[in-house]
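Asker: One structure is given below, represented as structure tokens, and several questions about it will come after.
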Amino acid sequence: MAANARVNEIGLSRNDYKGGVSTLCQGCGHNSIANQIIAVAYEMSLDPHQIIKLSGIGCSSKSPAYFLNRSHGFNGLHGRMPALATGATTVNRSLIAIGVSGDGDTGSIGLGQFKHMVRRNVPIVYIVENNGVYGLTKGQFSATADYGQELKYAGVNELPPIDICLEALAADASFVARSFAGDSKQVRELLKAAIAHRGTAVLDIISPCVTFNNHEDSTKSYAYGKAKEEPLHDITFIPFYEPIEIEDQEPGQVRAVKLYDGSHLMLKALDPTKHDPTDRMAAFRLLEEAREQQLFITGLIYVDENRATLPEISRLVDTPLVHLPPEKLRPPREVLDEINRRLTCCN
Amino acid sequence: MSTIQDLPLEDVLAEKPAIVNDFQIMIATVNGSGSQTANTVLLRAMFRMGIPVSGKNIFPSNIQGLPTWYTIRLNKNGYTARLEDYHVLVAMNQQTVAEDIANLAPGGACYYPEEWNLKHERDDIVYYPMPVKALTDASDVPANLSSYIANMVYVGVLATMLNIELPYIEGALDYHFNGKAKPVQMNMKVVQAAYDWAQDHLAKRDPYAVEPMNATEGRLLMDGNSAAALGAVFGGVTFAAWYPITPSTSLIDALREDLAKYRIDPETGQATFAVIQAEDEIGAIGMVVGAGWAGARAMTATSGPGISLMTEFAGLAYYAEVPAVIWDVQRMGPSTGLPTRTSQGDVLTCYLLGHGDTRHVVLLPGTINEIFEYGWRAFDLAERLQTPIFVLSDLDLGMNLWMSDPFEYPDVPMDRGKVLTAEDIERAGRFARYEDVDGDGIGYRTLPGIDHPLGAYFARGTGHNARAIYSERPDDWVENMARLRRKWETARTLVPRPVVDQVSGAEIGLIAFGSTDPCVVEARDQLSTRGIMTSYLRLRALPLEDTTRRFIENHERVYVVENNTDGQMASILHMEYPDLASRIHSIAYSDGLPLSPRWLTAAVLEQEGR
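Chains as they are written, first to last, in numbering that gives the first Met the number 0: chain X, 0 to 346; chain D, 0 to 609.
Shown next as structure tokens:
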């Protein structure tokens, strides 16, 4: 490290958060998301050793190899990353889990695990890099593909798309957001909020596939995304140690969402009548209406900071289970003696 | 010749001596009628009399209404295998009574509710009507409990007729209800009434009776699933995930109870464990693998259909080298099969579970004590070998009550395997997750959260090199698989060795494993009375090690006994020892019930051409 390199609050440079060289296509939205994860982890001064990266199978799921080399990673099975995350975060509650999935991984093969993870409120930032298409197998429709869309390989999609955010909301998600890989600033601010959130934070990021699904008629293309993106809010994430400033905003236009660790997400509503992210029914309505109009709503759609997480529901000790010493795990000999005494004939 | 029935008791006993502590009782009931309490109380009362017993529940996949049978075998010599014959019948299910009576051994006793007005069609058995309804109605128990209490009528009647003193029954009830006086008294009242009624109204006309002896002192009665749970607790389990499936469910039920008792922090009331009911078996094993990767002692329990669903994760854990413990309490397959009947049908499946070249360590407990031991030892092996460990139990071992010696406290400290600390890495200056540093095929791992810039690695199911870096290079692949092969060879030296009874001069050897042990033990004695001496090797784990090879080499013919149809263990032995294959013969049978010694003796005689 050069002596004059800039470092963050824990003395790490941006380089210390880098990953391996991406093997994804040039211009893939997933690479941009990986870069935002690097930027956010650096800016938030997260200890990379306390982060675990988890993924399923697919283009998206390769990307954890391309950020945070100093963090443990587990590239699991197709659609089964939620189970790995559930086990790992339960036995070590001090870890920050970042999961990267795709629309096939989450919306098709892994829909069941996804919804049960959300329902359990497993502490994880769960990113869906959503492009509506299967890349590694060369261009089949995924379950999030648009109705009526046409692809060279797959023909016309006759089925309605599954909306990841709606599925999450229906499973009682405590954090639902949508963004667009081309909107780096928004991705960063939502990532920060997701990391500060204590339960499952679902982040559905439309990430166009430059090879198989970047036609203008696809809602998962850059052209469509840029033209039809309708941000709910202008978002600024404010860490808990910085003062919150809401000056030069008209009252009623700014909403500060307090996150669990004391940080705030400042939402500057573009249209003051637009959306209250703590109103679950409003979130459903918003998503359904956007779906009908093939609109592309981005921003924080829903948040509930009060829902208990799985480690809380499990009433776990504060010490991560994996750090408990043997004497806390194996009961002493006297306990077994007493059990034997109680069981044996004929006491 | 006069029938037994025509004679007074004294004459029966004069003609046919009393048969004491050597017979089988069959209790036929309706599922959901609450007969389990009555049956286990009878079993435990005789156990407390010092008589060797075994009890087997043969039940349907049903909540209420279908027939259920419970057999209690008493044997003064300590045999505990299932007998095909039964000698005392308690017929409480009108739906099956005709067949139940038809199968009662000649000379046997049939107890039945008198309100059925049963026609006494067989003249070679003794019929004893019991006033079940009258005695139940006379008791002052609440109406909603009357069907449960009705079962206590046959407990009281049998106590009189078999000669079980009531304090033994009361002691068993006290054990069953954990010392709660009220239910004990309520049940005892009916038992006493039935006991008194039988004293006054029934004359003993069959030869079956019990007598106190001293063969059970210091022993215990337990089901395998409870023993497995207890073993896991003493193995320091911190995480379990599961999906309900018969016959493994009671293992997790017991685990939850035990953990709540022994693993709650007394100061804070917080848990040092987590048990999660998953959405399916894929989720269950996935959580276990995630927890094992993060450094926990993690387990799941399931049965055949669940094992199928766990296949892909088992392969991932094998190849990414993640510790996990998987209990398979086997039942009858394929498919839903006979979900409440026993089998040893998952041997090959578990051994090779996964796609590509996968081989798993499989533990094969054959006694309740071994189940407890493997309950903790499986974690040591999983963490030492960094791989999934399968423990094969079955419905018979898992859900029925077996006699056992007291449990032994683990004789070694917990083995957490090769885990590097930040200081270790600092000293070495490098870290390569899958490097074979020690030549035993087992690399060193780190756990997430390790505070060192070189400490992390990326676990994956895709091809990787020694540094855990993605690789599609043929030489990396071959090297990795060769190392996994070395690890397999290391596993051979660590798994429990077979138990061998080598009989000098025996030409034939029997190889068995798991719940068939009581059957083999008894069949060997039957064979020896016919002049056929056998040696016996009981496998306790896969992979095999040299003891088994030598055993086969030492015998002209070896019969592999197992409770499945295809002879799965015999196939594994053929595969492992092709040079000895001509000596290895399969004796396999599976009909949902535990194997009987009579069947095995006949099968060996047939194969021996005798």
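Here a beta-carbon is modelled for each residue, glycine too, at the ideal position from N, C-alpha and C.
Can you check which of these residues, D:A240, D:L88, D:A455 and D:I441, is closest to D:D416 by C-alpha distance?
Answerer: Taking the first residue of the second sequence as 1, we reach residue 416 of chain D at position 417. The sequence as given places Gly at residue 416 of chain D; Asp does not occur at that position. Answer by Cα proximity: D:I441.
Asker: Using a beta-carbon distance below 8 Å, is D:I367 in contact with chain X?
Answerer: By 1-based counting over the second sequence, the position of residue 367 of chain D is 368. D:I367 does not count as touching chain X.
Asker: Between X:P330 and chain D, is any beta-carbon pair separated by less than 8 Å?
Answerer: As a working note, residue 330 of chain X is residue 331 in the first sequence. By this cut-off, X:P330 is an interface position.
Asker: Can you have a look at X:V117 and say buried or exposed, based on whether 16 or more other CB atoms are within 10 angstroms of its CB?
Answerer: Working through the first sequence from its first residue, we reach residue 117 of chain X at position 118. The residue is buried, with at least 16 neighbouring Cβ atoms inside 10 Å.
Asker: Check for me: the beta strand (DSSP E) holding D:D222 runs from which residue to which?
Answerer: In the second sequence, residue 222 of chain D corresponds to position 223, counting from 1. It spans L219 to D222 - the beta strand (DSSP E) in which D:D222 sits, taken as one unbroken run.
Asker: Listing by chain order, which chain D residues have their CB less than 7 Å from the CB of X:H263?
Answerer: The residue given as residue 263 of chain X occupies position 264 in the first sequence. Here the premise fails: no neighbours, minimum Cβ distance about 28 Å.
Asker: Excluding the 5 residues flanking D:E561 on each side, which residues of the same chain have their C-beta closer than 6 Å to its C-beta?
Answerer: Indexing the second sequence from 1 puts residue 561 of chain D at position 562. Contacts found: Q343, M568 and A587.
Asker: For D:A381, which residues in chain X fall below 9 Å Cβ to Cβ?
Answerer: The residue labelled residue 381 of chain D in the question sits at position 382 within the second sequence. Ordered by position in chain X, no residue passes the 9 Å Cβ test against D:A381, which lies about 14 Å from the chain.
Asker: Which residues of the region 252 to 266 of chain D have a Cβ closer than 8 Å to any Cβ of chain X? Give them in chain order.
Answerer: So the close ones are Y261, R262 and D264.
Asker: Below 7 Å between beta carbons is the criterion; list the residues of the region 304 to 315 of chain D that meet it against any residue of chain X, in chain order.
Answerer: Answer set for the region 304 to 315 of chain D: E311, F312 and L315.
Asker: Name the chain B residues whose beta carbon is nearer than 8 Å to that of D:Q269?
Answerer: The structure shown contains no chain B; its protein chains are X and D.
Asker: Spell out whether any CB of chain X is found under 8 Å from the CB atom of D:V287.
Answerer: Along the second sequence, read from residue 1 onward, the residue named residue 287 of chain D stands at position 288. It does: the Cβ of D:V287 has a partner Cβ on chain X nearer than 8 Å.
Asker: Under 7 Å between beta-carbons, which chain X residues line up against D:G448? List them in chain order, please.
Answerer: Numbered from 1 along the second sequence, position 449 holds the residue referred to as residue 448 of chain D. Chain X residues near D:G448: H48, Q49, N91, S93 and L94.
Asker: For X:H219, collect the residues of the same chain with a Cβ closer than 6 Å to its Cβ; drop the 5 residues on either side in sequence, then sort them by chain order.
Answerer: In the first sequence, the residue the question calls residue 219 of chain X occupies position 220. Note that residue 219 of chain X is Lys in the sequence shown, not His. If we look at X:K219 and ignore the five residues flanking it on each side, its Cβ neighbours are N130, G131, I205, P207 and N212.
Asker: Mind checking if X:R79 is an interface residue toward chain D, Cβ cutoff 8 Å exclusive?
Answerer: Start at 1 with the first residue of the first sequence, and residue 79 of chain X comes out as number 80. Chain D, which has a Cβ nearer than 8 Å to the Cβ of X:R79, makes this yes.
Asker: Flag this pair as touching only if the region 324 to 335 of chain D and the region 460 to 480 of chain D have three or more C-beta atom pairs under 8 Å; answer yes or no.
Answerer: Flag = no, the region 324 to 335 of chain D and the region 460 to 480 of chain D do not touch.
Asker: Is the distance from the Cβ of D:G155 to the Cβ of D:A192 below 8 Å?
Answerer: Residue mapping note: residue 155 of chain D aligns to position 156 of the second sequence, counting from 1. Residue mapping note: residue 192 of chain D aligns to position 193 of the second sequence, counting from 1. Taking 8 Å as the Cβ cut-off, D:G155 and D:A192 qualify as a contacting pair.
Asker: Compile a chain-ordered list of the residues in the region 291 to 305 of chain D whose CB is closer than 8 Å to at least one CB of chain X.
Answerer: The residues in question are G291, W292, A293, G294, A295, R296 and A297.
Asker: For X:G251, which of helix, strand or coil comes out of DSSP?
Answerer: Indexing the first sequence from 1 puts residue 251 of chain X at position 252. Because the pLDDT of X:G251 is 47, which lies under 50, any placement of that residue in the model is unreliable, and the number read from its coordinates should be weighed accordingly. Residue state, collapsed to three classes: coil.
Asker: Kindly indicate the opening and closing residues of the alpha helix (DSSP H) around D:E605.
Answerer: Here residue 605 of chain D is taken as the residue at index 606 of the second sequence, counted from 1. Looking at the DSSP string, the run of the alpha helix (DSSP H) that includes D:E605 is P596 to Q606.
Asker: Kindly indicate which residue of D:M129, D:H86, D:T135 and D:P112 has the alpha-carbon position closest to the one of D:D123.
Answerer: Along the second sequence, read from residue 1 onward, the residue named residue 123 of chain D stands at position 124. Checked all of D:M129, D:H86, D:T135 and D:P112; the closest Cα to D:D123 is D:H86.
Asker: At a CB distance below 7 Å, what residues from the region 106 to 137 of chain X approach chain D? Give them in sequence order.
Answerer: Going along the region 106 to 137 of chain X in chain order, one finds G111, Q112 and H115 with a Cβ nearer than 7 Å to chain D.
Asker: Below 8 Å on the Cβ atoms is my contact criterion, and I expect X:D15 with X:G57 to pass it. Report the Cβ-Cβ distance as a whole number of Å.
Answerer: Along the first sequence, one-based indexing puts residue 15 of chain X at 16. Along the first sequence, one-based indexing puts residue 57 of chain X at 58. Wrong, their Cβ atoms sit about 28 Å apart, outside the cutoff.
Asker: Kindly list the residues whose CB is nearer than 8 Å to the CB of X:L23, restricted to its own chain and excluding five residues on each side of it in sequence; keep chain order.
Answerer: Looking up residue 23 of chain X in the first sequence gives position 24. These residues qualify, in order along the chain: H29, N30, C58, K61, S62 and Y65.
Asker: Is the CB of D:T2 under 8 Å away from at least one CB in chain X?
Answerer: Position 3 of the second sequence, counting from 1, holds the residue named residue 2 of chain D. Legend: pLDDT at D:T2 = 43, less than 50; position of this residue unreliable, value from coordinates given subsequently. Closer than 8 Å: no.
Asker: By Cβ distance, which residues of its chain are closer than 6 Å to D:S595, with the 5 residues on each side in sequence left out?
Answerer: In the second sequence, residue 595 of chain D corresponds to position 596, counting from 1. Excluding sequence neighbours, D:S595 sits near R81 and E83.
Asker: Check the DSSP bridge columns for D:D205 and list the partner residues they point to.
Answerer: Taking the second sequence and counting its residues from 1, one reaches residue 205 of chain D at position 206. In DSSP, D:D205 forms no bridge with anything.
Asker: What in chain D is Cβ-close to X:G325, meaning under 9 Å?
Answerer: Within the first sequence, the letter at position 326 stands for residue 325 of chain X. The sequence shown places Pro at residue 325 of chain X, rather than the Gly named in the question. Here the neighbours are G235, P412, M413 and R415.
Asker: Below 7 Å between beta carbons is the criterion; list the residues of the region 280 to 311 of chain X that meet it against any residue of chain D, in chain order.
Answerer: Result list empty, no residue passes.
Asker: Looking at C-alpha atoms only, which residue of D:R539, D:M532, D:V288 and D:P542 is the closest neighbour of D:E555?
Answerer: The residue given as residue 555 of chain D occupies position 556 in the second sequence. Out of D:R539, D:M532, D:V288 and D:P542, D:M532 has the C-alpha closest to the C-alpha of D:E555.
Asker: So, helix, strand or coil for X:I163, using DSSP?
Answerer: Working through the first sequence from its first residue, we reach residue 163 of chain X at position 164. DSSP places X:I163 in helix when its eight states are reduced to three.
Asker: Can you tell me whether D:Q269 is helix, strand or coil according to DSSP?
Answerer: Indexing the second sequence from 1 puts residue 269 of chain D at position 270. Reduced to three states, the DSSP call for D:Q269 is coil.
Asker: Tell me the DSSP secondary structure of D:M286 in three-state form.
Answerer: If you number the second sequence from 1, residue 286 of chain D lands on position 287. DSSP places D:M286 in helix when its eight states are reduced to three.
Asker: Pairing CB atoms from the region 364 to 373 of chain D with CB atoms from the region 498 to 516 of chain D, are three or more of them under 8 Å?
Answerer: Result yes; three or more Cβ-Cβ pairs closer than 8 Å.
Asker: Can you give the Cα-Cα distance for D:I583 and D:H573, rounded to whole angstroms?
Answerer: Along the second sequence, read from residue 1 onward, the residue named residue 583 of chain D stands at position 584. Along the second sequence, read from residue 1 onward, the residue named residue 573 of chain D stands at position 574. If you take the alpha carbons of D:I583 and D:H573, they lie about 7 Å apart.
Asker: By a C-beta neighbour count over all protein chains shown, 10 Å radius and 16 as the cutoff for buried, is D:R426 buried or exposed?
Answerer: Working through the second sequence from its first residue, we reach residue 426 of chain D at position 427. Exposed is the call here.
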